[in-house]
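Those protein sequence lines, which keep their order, are chains C and G.
With the working numbering, you'll find the first sequence wraps up at 380, consecutive numbering, no jumps.
With the working numbering, you'll find the second sequence wraps up at 822, consecutive numbering, no jumps.
C-beta atoms are modelled at their ideal positions from N, C-alpha and C, and glycine is treated no differently.
The next block holds one structure in the form of structure tokens; read it before the comments.
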Amino acid sequence: MENEPLIQHSYDGIQEFDNPLPGWWKWMFVGSIVYSMFYALFFHIGAPGRSMTDQYDAALAANTRLQFSEIGDLQPTADNILLYSSALAKGRKSWLSVGQTLYKTNCVSCHGLDGIGKVGPNLTDDYFKNVHKVEDIARVITQGAGNGAMPAWGTRLLPNEIVLVSAYVASLRGTEHEGGKPPEGSEIPPWPEPSASAADTPAEKEAEAGQPDAAKEG
Amino acid sequence: MSTVATDTKQASSQPAGEMESFSYDDGIVRLFVTATIVWGLVATLVGLIVAVVLVVPWLTGGLPWISFGRLRPLHTNAAIFAFGGNGIFAAIYYSTQRLCKARMWSDTLSRMHFWGWQAIIVAAAITLPLGITQSREYAEFEWPIDIAIAVVWLLIFGGNFLMTLIHRRERHMYVALWFYISTIVTVALLHVFNNLVVPTSWFHGYSIYAGVQDAFMQWWYGHNAVAFVLTTPFLGLMYYYLPKAAERPVFSYKLSIIHFWSLVFIYIWAGPHHVHYTSLPEWASTLGMLFSLMLWMPSWGGMINGLLTLRGAWHKVAADPILKFFVVGVTFYGMATFEGPLLSIKSVNALSHYTDWTIAHVHAGTLGWNGFMIFGMLYWMLPRLYQTKLWSPKLMGLHFWIGTLGILLYIVPIYAAGLLQGLMWRAIDPATGQLMYPDFIETMPSVVPLWWLRVLGGTLYFVGVGMLGVNALMTWRARPAKYEVPVYSAPRLSKHYEDHAPAPVSELATAPVLEVGKKIEVWARMDWHRQWERLPVKFTVLATLAVVIATLFEVIPTFLIRSNIPTIATVKPYTPLELAGRQIYTSEGCYNCHSQQIRPMVAETKRYGEYSKPGEFIYDRPFQWGSRRIGPDLAREGGRQSSFWHWTHFEDPELMSPGSVMPSYDHLLTDDLKFSAIAPLVKAAHWLGAPYTNELEESDALARRQAEEIAADIVKQGGPAGVHEKQVIALIAYVQRLGTDIFRTEEAPAPSGASPGEEVPGEEAPAEPVDATAQK
């Protein structure tokens with residue numbers, strides 16, 4: 163080090179060595195520039211599937227298949243809601259937990275954890291304000307109610323999601339917790355039993371075909 | 047025989063030039079040193095307060111002026127511009143005079159700079175808690191303060207500095223001065239072009255940029271504020287004080303040339319990495335990432351030159367706390383400038399963005415690099431400035447250790463918090479494809495204990511700054527009755543410099559190599575740069591060109607390519623009441639905790655809704671995308687909750703979301719809205735292109751009507767009556783509008799040929815100018 167060439171100038175006593183650039187430093191710098199050119203070319207040459215939105219669309223499609231290939235497209239009918247509100251609903255997955263996740267994402271802020279009610283009504287008792295039949299749950303979720311007190315979710319949730327979250331809400335009835343909000347609205351008759359025909363909707367057959375596909379994506 | 051080029055000899059060896067006597071102005075350095083310590087205490091104390099208020103929001107007692115949203119900008123600005131700013135001024139005023147062998151050109155300008163800067167800081171410290179803010183990160187000050195900054199920085203400080211360079215007595219400019227030059231011109235450029243606004247009052251203005259373009263400009267500024275306030279001047283500081291304290295020559299002159307120019311040129315491009323996966327066009331995002339990667343080595347050039355300068359002086363490091371401060375500072379610089387490129391990689395950023403990872407990263411940089419470099423410099427200067435011994439070297443050593451421990455206790459938990467947030471937000475159950483933590487609040491219990499650890503780390507760091515304060519105070523008290531002012535003499539520089547260096551001859555002259563090879567070999571010796579170092583004005587122009595050209599490469603396409611921002615026909619300007627609500631949103635600093643930008647990622651769209659589109663933000667002045675999610679994203683908040691829910695939530699967030707750390711905004715429920723103040727907002731927005739019609743004349747009446755409708759909804763939803771004049775109604779109007787326009791179905795049929803705007807109320811008017819651009 164003492165033999166290194168020292169540049170003859172001095173600034174307020176500060177001197178500088180005339181050392182060359184460290185080799186690793188120089189080549190990593192060059193490498194980062196070369197890499198950047200290839201990266202830019204690869205992602206911006208216009209090939210399909212490489213842009214941010216293409217990748218998102220693919221991921222979303224895979225996720226949708228993973229979630230719903232088993233059940234196809236559900237209509238918000240009483241049968242469907244009642245079927246999926248049962249923890250033992252068909253398929254290996256607990257569809258109720260999917261409904262619960264959707265509930266936690268979107269509904270918990272007004273209806274409280276486990277549906278005990280907050281600004282929104284208690285969903286665990288037998289009293290309802292805008293629901294008379296079980297399929298009304300899906301209608302209220304889709305269109306909203308009470309002058310905007312209940313927002314409309316039709317543009318925000320997928321049709322399947324509306325059915326599944328309705329099913330979860332239907333399942334909350336009768337699970338009354340302590341500290342729940344006092345009842346609002348009027349008492350309505352209990353939910354009916356799901357009809358037998360619901361058990362073999364075409365969706366179930368699709369599910370057989372769809373599952374291996376979903377497994378691949380997973 | 048002399049093979050040494052004569053041009054490398056000192057100016058005194060030049061034949062021309064009569065001897066001149068001069069002394070240095072150390073009084074101004076003492077002023078800036080004092081300000082640095084005082085503002086250092088303030089900045090870290092306010093940081094400590096916001097860290098506590100973040101976890102225990104009710105501690106503010108409902109006082110709006112000290113809520114997290116208003117105080118956090120005070121902390122960041124105080125740390126960057128008050129502590130960091132005064133620190134670099136102290137460094138520059140001390141070292142520039144000595145490197146130039148000249149007193150600062152004008153003592154008056156020096157004092158105007160000092161007092162002007164302190165006045166600006168005080169003005170900022172008053173206005174930010176009052177909610178007077180542009181709500182753009184690190185550029186929060188409103189336009190009157192911005193004008194003062196431009197004048198004090200560029201004209202007074204920059205003018206004084208450049209004149210000192212011109213009147214210097216040292217022929218060549220040392221590398222520290224190059225960094226100071228680039229700092230001065232670039233900060234001026236960034237500050238002026240980012241803060242162009244149309245005033246709506248003395249305390250408020252609308253950015254001339256909107257939405258995506260505003261985001262681009264703001265992060266061009268924000269990123270380069272880090273570069274040219276917290277990096278380049280500190281590298282200059284390092285190049286002067288580190289070899290001084292170590293008494294060793296700098297490792298490599300060539301490395302300083304290459305890393306200086308590459309750093310200055312490349313840094314400017316990297317801004318878009320702050321807005322990856324947002325509505326910013328993807329090409330800009332890619333440029334931001336790639337230039338950040340290329341920036342890695344230029345940044346490390348500074349670290350290498352710092353650390354390798356200490357070769358042969360490591361035994362001194364073991365004994366000298368000043369060198370310890372420098373070593374840890376430079377090491378943190380190396381870590382932060384490795385982490386910066388890492389975080390700019392899109393897939394890493396997908397995880398880190400909006401999380402506390404960013405907060406940990408910047409604190410490694412500011413506490414470690416900026417703080418410790420300033421502390422090392424101050425301890426080195428104190429005995430020299432006050433012409434006595436440092437009061438307690440032991441206390442200085444203790445400051446080093448407590449400061450280092452403080453940094454580690456701060457950053458380690460916050461890195462953990464950032465990772466936890468990122469991983470929990472994106473976690474999807476592989477079996478069901480559903481979010482694992484669907485309710486945002488579920489992530490809070492994991493993070494809050496880590497936030498408490500940060501308070502502990504911050505406290506230690508603050509105590510360290512206090513030790514510095516005591517040491518400086520006691521040293522000052524032991525100063526002599528009258529400072530000695532040494533008089534130096536050096537010859538004046540002759541007008542014409544005779545370059546006595548022989549024409550450079552390649553070492554390959556006799557080798558069997560192509561002529562080109564010989565020329566490259568000569569070029570690589572960088573004698574050409576030696577010439578630039580003699581010409582301060584040319585050097586300043588070249589440094590300015592480097593940043594301007596790099597900027598234009600990105601700015602021009604961002605502003606000129608229409609397809610960057612595809613128009614959405616249903617996106618309409620805000621109503622007058624919503625504009626007023628937006629103003630409340632910005633002045634309360636909501637962006638400090640809430641983003642308004644949903645990224646195209648499955649976990650994100652499942653949680654918040656459809657990802658954000660560039661066309662949704664064309665009326666957002668300023669953009670409010672935010673950089674952090676202490677609370678959930680709000681880009682699609684409109685219509686998710688009832689207005690009564692919002693009313694109750696603003697009154698008591700914990701009631702609606704148990705575990706929430708959002709403070710109560712009770713004052714918005716009790717204070718009345720000034721409806722008369724809305725008209726100037728509408729006028730300014732219209733002037734900037736929002737297609738308003740009757741809103742211009744009837745803003746007051748329209749706002750009242752909408753407020754009454756919302757108040758009526760609240761009553762119907764079970765809330766209190768008679769609240770239509772309250773400020774919170776405007777804020778609810780704005781929040782209920784967020785992200786809803788793209789779901790709106792076009793109400794006016796407007797077939798071809800229909801004259802637009804006719805007999806249609808303003809709000810529903812087809813946005814003709816917007817549609818028109820869509821056709822092109």
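Continuous beta strand (DSSP E) stretch holding Gly251 of chain G: start and end
Taking the second sequence and counting its residues from 1, the one referred to as residue 251 of chain G is at position 205. Where Gly251 of chain G is concerned, the enclosing beta strand (DSSP E) stretches over His250 to Ser253.
Which residues in chain G have a C-beta closer than 7 Å to the C-beta of Gly211 of chain C? List them in chain order.
Here residue 211 of chain C corresponds to residue number 49 of the first sequence, with the count starting at 1. Per Cβ cutoff of 7 Å: no residues; Gly211 of chain C is ~14 Å from chain G at best.
Any beta carbon of chain G sitting closer than 8 Å to that of Ile299 of chain C?
Taking the first sequence and counting its residues from 1, the one referred to as residue 299 of chain C is at position 137. The beta-carbon of Ile299 of chain C is placed no less than 8 Å from the nearest beta-carbon of chain G.
Tell me where the beta strand (DSSP E) around Tyr483 of chain G begins and ends.
Residue 483 of chain G sits at position 437 when you count from the first residue of the second sequence. Note, Tyr483 of chain G: premise wrong, no beta strand (DSSP E); not H, not E.
In chain C, what lies closer than 9 Å to Thr478 of chain G by C-beta?
Position 432 of the second sequence holds residue 478 of chain G. Using a Cβ-Cβ cut-off of 9 Å, Thr478 of chain G is close to Leu228, Gln229, Lys255, Ser256, Trp257, Ser259, Val260 and Thr263 of chain C, given in chain order.
Beta carbon of Gln670 of chain G nearer than 8 Å to that of Tyr711 of chain G:
In the second sequence, the residue the question calls residue 670 of chain G occupies position 624. In the second sequence, the residue the question calls residue 711 of chain G occupies position 665. For Gln670 of chain G and Tyr711 of chain G, no; Cβs fall outside 8 Å.
Could you pull out every residue in the same chain whose Cβ sits closer than 7 Å to the Cβ of Gly443 of chain G, ignoring the five residues on either side in sequence?
Here residue 443 of chain G corresponds to residue number 397 of the second sequence, with the count starting at 1. Hits under 7 Å: Pro367.
Quick check on Ser247 of chain G: does DSSP put it in helix, strand or coil?
Start at 1 with the first residue of the second sequence, and residue 247 of chain G comes out as number 201. DSSP places Ser247 of chain G in strand when its eight states are reduced to three.
Tell me whether Asn351 of chain G is buried or exposed, calling it buried when 16 or more other Cβ atoms sit within 10 Å of its Cβ.
Translated into positions along the second sequence, residue 351 of chain G becomes position 305. Using a 10 angstroms sphere on the CB of Asn351 of chain G, the tally of other CB atoms reaches 16 or more, which defines it as buried.
Flag this pair as yes or no: are the beta carbons of Gly672 of chain G and Val781 of chain G separated by less than 8 Å?
For the purposes of this step, residue 672 of chain G is taken as the residue at position 626 of the second sequence. For the purposes of this step, residue 781 of chain G is taken as the residue at position 735 of the second sequence. No, these two residues do not count as a Cβ contact at 8 Å.
Chain-ordered neighbours of Asp180 of chain C on chain G, where CB pairs are closer than 8 Å
Here residue 180 of chain C corresponds to residue number 18 of the first sequence, with the count starting at 1. Those within 8 Å of Asp180 of chain C in chain G are Ser298, Tyr299 and Lys300.
Along the stretch 681-697 of chain G, where does the CB come closer than 7 Å to a CB of chain B? Name the residues.
Judged by its chain identifiers, the structure shown contains no chain B, and its protein chains are C and G.
Please compile the residues from chain C whose C-beta is within a distance smaller than 9 Å of the C-beta of Gly468 of chain G.
Counting from one through the second sequence, the residue named residue 468 of chain G turns up at place 422. The contact set of Gly468 of chain G on chain C, defined by CB atoms closer than 9 Å, is empty, because the minimum CB distance reaches about 17 Å.
Measure the alpha-carbon distance for Pro238 of chain C versus Arg751 of chain G and round it to whole angstroms.
The residue given as residue 238 of chain C occupies position 76 in the first sequence. The residue given as residue 751 of chain G occupies position 705 in the second sequence. Spanning the alpha carbons of Pro238 of chain C and Arg751 of chain G requires a straight line of approximately 38 Å.
Which of the three DSSP states is assigned to Phe68 of chain G in this structure?
Residue mapping note: residue 68 of chain G aligns to position 22 of the second sequence, counting from 1. In the structure shown, Phe68 of chain G sits in a strand (DSSP, three-state: E or B).
Excluding five sequence neighbours on each side, which residues of the same chain lie with their C-beta closer than 6 Å to the C-beta of Phe851 of chain G?
One cannot answer for residue 851 of chain G here, as it falls past the ends of chain G, which runs 47 to 822.
Residue-level contact to chain C via CB, Trp332 of chain G, 8 Å cutoff
For the purposes of this step, residue 332 of chain G is identified with residue 286 of the second sequence, where counting begins at 1. One point to set straight first is that residue 332 of chain G is Thr, not Trp, in the sequence displayed. It does: the Cβ of Thr332 of chain G has a partner Cβ on chain C nearer than 8 Å.
Rounded to whole angstroms, what's the CA-CA distance from Leu228 of chain C to Pro491 of chain G? Just pull it up for me.
Here residue 228 of chain C refers to the residue found at position 66 when the first sequence is read from its first residue. Here residue 491 of chain G refers to the residue found at position 445 when the second sequence is read from its first residue. Between Leu228 of chain C and Pro491 of chain G, the C-alpha separation is close to 30 Å.
Whose CA, out of G:Leu514, G:Trp498 and G:Leu397, lies closest to the CA of Gly468 of chain G?
Looking up residue 468 of chain G in the second sequence gives position 422. It is G:Leu397.
In its own chain, which residues sit with a C-beta less than 7 Å from the C-beta of Pro190 of chain G, not counting the 5 before and 5 after it?
Against the second sequence, residue 190 of chain G aligns to sequence position 144. Setting aside the 5 residues that flank it on each side, Pro190 of chain G is surrounded in the same chain by Trp248, each with a C-beta closer than 7 Å to its C-beta; the list follows chain order.
Residues of the stretch 310-327 of chain C with a CB closer than 8 Å to any CB of chain G: list them in chain order, please.
Per Cβ criterion, the list reads Gly310, Ala311, Met312, Pro313, Ala314, Thr317 and Arg318.
Val99 of chain G and Ile112 of chain G closer than 8 Å at C-beta
In the second sequence, the residue the question calls residue 99 of chain G occupies position 53. In the second sequence, the residue the question calls residue 112 of chain G occupies position 66. Their beta carbons are under 8 Å apart, which means Val99 of chain G touches Ile112 of chain G by this criterion.
For a test of the three-state rule: what should DSSP assign to Lys440 of chain G, helix, strand or coil?
Indexing the second sequence from 1 puts residue 440 of chain G at position 394. In the three-state reduction of the DSSP assignment, Lys440 of chain G falls in the helix class.
Give a yes or no on whether the minimum CB-CB distance between Val648 of chain G and chain C is below 8 Å.
On the second sequence, position 602 is the one that residue 648 of chain G refers to. Yes, because at least one Cβ of chain C sits closer than 8 Å to the Cβ of Val648 of chain G.
Tell me the DSSP secondary structure of Pro699 of chain G in three-state form.
In the second sequence, the residue the question calls residue 699 of chain G occupies position 653. Residue state, collapsed to three classes: helix.
Interface partners of His273 of chain C on chain G, CB under 9 Å
One-based indexing of the first sequence puts residue 273 of chain C at position 111. Near His273 of chain C there are no residues of chain G at all, since even the closest Cβ is about 11 Å away, more than 9 Å.
Kindly indicate if chain G contains any beta-carbon less than 8 Å away from that of Lys280 of chain C.
Locating residue 280 of chain C in the first sequence gives position 118, where the first residue counts as 1. Yes, Lys280 of chain C lies at the interface with chain G (some Cβ there is under 8 Å from its Cβ).
With DSSP as the reference, please indicate the residues paired to Ile176 of chain C in a beta bridge.
To locate residue 176 of chain C, count along the first sequence from 1; it is residue 14. Answer is C:Tyr173, bridged to Ile176 of chain C.
Straight-line Cα distance separating Leu94 of chain G from Val168 of chain G:
Here residue 168 of chain G is taken as the residue at index 122 of the second sequence, counted from 1. Here residue 94 of chain G is taken as the residue at index 48 of the second sequence, counted from 1. Taking the straight line from one Cα to the other gives about 19 Å.
Might you give, ordered along the chain, the residues of its own chain that have their beta carbon closer than 7 Å to the beta carbon of Glu146 of chain C, omitting 5 neighbours on each side?
This structure gives no information on residue 146 of chain C, because the portion of chain C shown stretches from 163 to 380.
Using a Cβ-Cβ cut-off of 6 Å (strictly less than) and excluding sequence neighbours within five positions of Ala800 of chain G, which residues of its own chain qualify?
Within the second sequence, residue 800 of chain G is the residue found at index 754, counting from 1. For Ala800 of chain G, the predicted model reports a pLDDT of 38, less than 50, meaning its position is unreliable; a value from the coordinates is still stated below. Sequence-distant Cβ neighbours of Ala800 of chain G in its own chain, meaning closer than 6 Å and more than five residues away, do not exist here.
Return the CA-CA distance between Gly211 of chain C and Ala223 of chain C, expressed in angstroms with no decimal places.
Against the first sequence, residue 211 of chain C aligns to sequence position 49. Against the first sequence, residue 223 of chain C aligns to sequence position 61. Between Gly211 of chain C and Ala223 of chain C, the alpha-carbon positions lie close to 13 Å from each other.
Which of the three DSSP states, helix, strand or coil, is assigned to Met312 of chain C?
Sequence index remark: in the first sequence, residue 312 of chain C carries index 150 (1-based). Strand at Met312 of chain C.
Looking at chain G, is there any beta carbon in it that lies within less than 8 Å of the beta carbon of Ile176 of chain C?
Taking the first residue of the first sequence as position 1, residue 176 of chain C is located at position 14. Yes, Ile176 of chain C lies at the interface with chain G (some Cβ there is under 8 Å from its Cβ).
Chain G within 8 Å of Thr215 of chain C, Cβ atoms only:
Here residue 215 of chain C refers to the residue found at position 53 when the first sequence is read from its first residue. Chain G contact via Cβ: present.
Contacts around Ile227 of chain G, its chain only, beta-carbon distance under 7 Å, and the 5 residues preceding and following it disregarded
In the second sequence, residue 227 of chain G corresponds to position 181, counting from 1. Here Ile227 of chain G has Phe585, Thr586 and Ala589 as same chain residues with Cβ atoms under 7 Å from its own Cβ, once five neighbours each way along the sequence are excluded.
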